[in-house]
Amino acid sequence: MVHDFTTLLIQVGALLFLLGLLGRLARRIGLSPIPLYLLAGLALGHGGILELHASEEFFAVGAEIGVILLLLMLGLEYSAVELVGNLRSAAPAGSIDAVLNALPGAAFALLLGWNWVGAVVLAGITWVSSSGVIAKILADLGRLGNRETPVILSVLVVEDLAMAFYLPLATALLAGVGFVRGGVALGVAVLTVVTVLVVAIRYGKLISRAMSVDNSESLLLGVLGLTLLVAGVAAKLQVSAAVGAFLVGIALSGPVAHHATELLTPVRDLFAAVFFVFFGLATDPRHIPPVLLPALLLAAVTMATKTLTGYLAARRVGIAEPGRWRAGLALVPRGEFSIVIAGLAVSAGSVTPELAALAAAYVLITVVAGPMLARLPDLAWFKRWLRARAALQQTRTASATGPA
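If you're matching positions, the sequence shown starts at 1 in UniProt numbering and goes up one per residue.
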């Protein structure tokens, strides 16, 4: 027992130290650390260079907490009123986003010969962009104050809220309960989300007052305890623990949400890293080479459709041509939600084992390509191409409106 615990400490400590070094390297080269965390997991998991068996259970529990904290922090960024308002204004863009990016994933799964449950799962993986990676890209490129940034954020908000309905349905389908019980699960999820939003709008201040911002320790314990409690209850109701955590974040507001964000950010970063590593640990790297070409094709298609999504959403609100391209290319990276969905599918064991490898390769490709593509509109040759395109458009317009 003591020997096992000692081995656990050594493996966990070494891996966390490695993650710290990888995170620093990622910042140095201007990339998200997510692909490096995934690669570390692939190298040290089943079929990797060095298999760490003793720490697997620890990272499994940490990964579950990581998902919960990711969604809690996401919820803390929005108040219920803001969420409802954004949903109304961004609903058309969100609908375009779902059609252009979920359908290619579903069609691709069917072309690969997967069942319809696999198609639903892959549709979710290709649909949702990475809020965390995109926020970092916008900050790094100094675009947080740009006119197109609210458009990007609106698309992300709609995707985040859509996950509150998608995850329970996907969980039910993966459990093999069929469309009827899956529909019931979706109905429960809709009712739960609507109820929480109503309670948050009317009584959010009362909930926040129950938390004290005067003492960091009590605030941290209170928010974290409430989140885990609600997440557990949500999981019992087949609504998804992640959705429960998201709704807790929405219900908290004001100074409580602000201080909780500051306190929980380092904790979130720790367990989020554990989550990405665990997904890599659970994925056999020997399964990746056979799916690498399909992953590249899928990434190429869905990076193009995601760019089109942002372009159309920005054009709809009158953003100029350069801003449309900045909006579209910024939305390319997929990350945390894609891995969450793939992780649910792998845990359920009801889809092809290839899905985990495909999802890992797909996320790696989009997360690495995303920051590089986002810089394209700032390059001189791209600006020249836009000016030439605008001049050609003006010429065509003049010819069309000129004398016969």
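A virtual CB, placed ideally from N, CA and C, is assigned to each residue, including glycine.
(message) Give me the residue from Val199, Ala235, Leu153 and Ala330 with the minimum Cα distance to glycine 94.
(response) Per the Cα distances, Leu153.
(request) For leucine 229, name the three-state secondary structure that DSSP assigns. (result) Residue state for leucine 229 is assigned as helix, using DSSP reduced to three classes.
(message) Considering only the alpha carbon of each residue, which of Thr7, Leu18, Ile34 and Trp381 lies closest to serine 338?
(response) Selection Thr7, Leu18, Ile34 and Trp381 evaluated against serine 338 yields Ile34 as nearest (Cα-Cα).
(request) Measure the C-alpha to C-alpha separation of proline 168 and arginine 324 and round it to an integer number of angstroms. (result) Straight across, the Cα-Cα distance linking proline 168 with arginine 324 is about 33 Å.
(request) With DSSP collapsed to three states, give me the class of aspartate 214. (result) Residue state, collapsed to three classes: coil.
(request) Going by CA-CA distance only, name the one from Gly280, Ala272 and Leu358 that's closest to residue 411. (result) Since the first residue shown for the chain is 1 and the last is 404, residue 411 is missing from the structure and cannot be characterised.
(request) Please check the pair leucine 50 and leucine 15, which I expect to be a contact at CB under 8 Å, by giving their CB distance rounded to whole angstroms. (result) Rounded, the Cβ-Cβ distance is 10 Å, inconsistent with contact.
(message) Let me check understanding here. Comparing Cα to Cα, which of Ala109, Val233, Arg387 and Leu9 lies closest to alanine 359?
(response) That would be Ala109, whose Cα lies nearest to the Cα of alanine 359.
(message) Taking 7 Å as the threshold (C-beta atoms), are alanine 313 and valine 155 in contact?
(response) A contact, by the Cβ cut-off of 7 Å.
(message) Within 10 Å of its beta-carbon, does glycine 343 have 16 or more other beta-carbons around it, so buried, or fewer, so exposed?
(response) Buried is the label assigned to glycine 343, since at least 16 other Cβ atoms lie within 10 Å of its Cβ.
(request) Please determine, among Arg27, Ile10, Leu173 and Ala123, the residue with the shortest C-alpha to C-alpha distance to alanine 139. (result) With distances taken between Cα atoms, alanine 139 lies closest to Arg27.
(request) Could you tell me whether the stretch 202-214 touches the stretch 244-264, where touching means 3 or more Cβ pairs closer than 8 Å? (result) Because the criterion of three Cβ pairs below 8 Å is met, the stretch 202-214 and the stretch 244-264 touch.
(request) Verify whether the separation of the beta carbon atoms of alanine 257 and alanine 241 is less than 7 Å. (result) Contact flag unset, no.
(message) Just to confirm my understanding: we take isoleucine 96, look at its own chain, exclude 5 residues before and 5 after, and list those with CB closer than 8 Å. What are they?
(response) Result list for isoleucine 96: Thr309, Leu312 and Ala313, in chain order.
(request) Go ahead and pull the three-state DSSP assignment for asparagine 115. (result) If DSSP states are grouped into helix, strand and coil, asparagine 115 belongs with coil.
(request) Can you grab the Cα-Cα spacing for the pair tyrosine 37 / arginine 315, in whole Å? (result) C-alpha separation (whole angstroms): 36 Å.
(message) With H, G and I counted as helix, E and B as strand and the rest as coil, what does DSSP make of aspartate 4?
(response) Of the three classes helix, strand and coil, the one that applies to aspartate 4 here is helix, per DSSP.
(message) Which residue marks the beginning of the alpha helix (DSSP H) containing leucine 358, and which one marks its end?
(response) Start and end: 354-374.
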